[in-house]
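Asks: Residue 42 in our numbering is what sits at position 49 of the sequence shown, and the numbering runs on without skipping anything.
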Amino acid sequence: MDGVATHWEEQPRDEAAAELTAVFGGPGYAGAALTYRESLTGRPEEVSPDVERVLGRPALAFGEWARDRADDFR
């Protein structure tokens, strides 16, 4: 995107669950959130056709959105 090298480091589930439990006050939400997130691995959610209807243009991929707004975050 802008020449900055990045990498993804997967957080172990038990570590993520402990952090979410501390933030949200219970293990129920943490477990549900992690299970949902794991269900998207390799299969991102589909974009609703309502996005285009509401915006009047097709939805942007995250990379496009980020490039368009990079200066807003500098």
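Quick reminder that beta carbons are idealized off the backbone N, C-alpha and C, glycines included.
Answer yes or no: do V13 and A25 have a C-beta to C-beta separation smaller than 7 angstroms?
Replies: Taking the sequence shown and counting its residues from 1, one reaches residue 13 at position 20. Taking the sequence shown and counting its residues from 1, one reaches residue 25 at position 32. Going by the sequence as given, residue 13 is Leu instead of Val. Contact: no.
Asks: Taking only three categories from DSSP, how would you classify E45?
Replies: Position 52 of the sequence shown, counting from 1, holds the residue named residue 45. Here E45 sits in helix by DSSP.
Asks: Compute the Euclidean distance between the alpha carbons of R60 and T34, then round it to the nearest angstrom.
Replies: By 1-based counting over the sequence shown, the position of residue 60 is 67. By 1-based counting over the sequence shown, the position of residue 34 is 41. C-alpha separation (whole angstroms): 24 angstroms.
Asks: With respect to the alpha helix (DSSP H) encompassing P20, which residues constitute its N-terminal and C-terminal limits?
Replies: Translated into the one-based positions of the sequence shown, residue 20 becomes position 27. Residues P20 to S32.
Asks: From D65 to G(-4), what distance separates their C-alpha atoms?
Replies: Numbered from its first residue, the sequence shown carries residue 65 at position 72. Numbered from its first residue, the sequence shown carries residue -4 at position 3. The alpha-carbon atoms of D65 and G(-4) are separated by roughly 18 angstroms.
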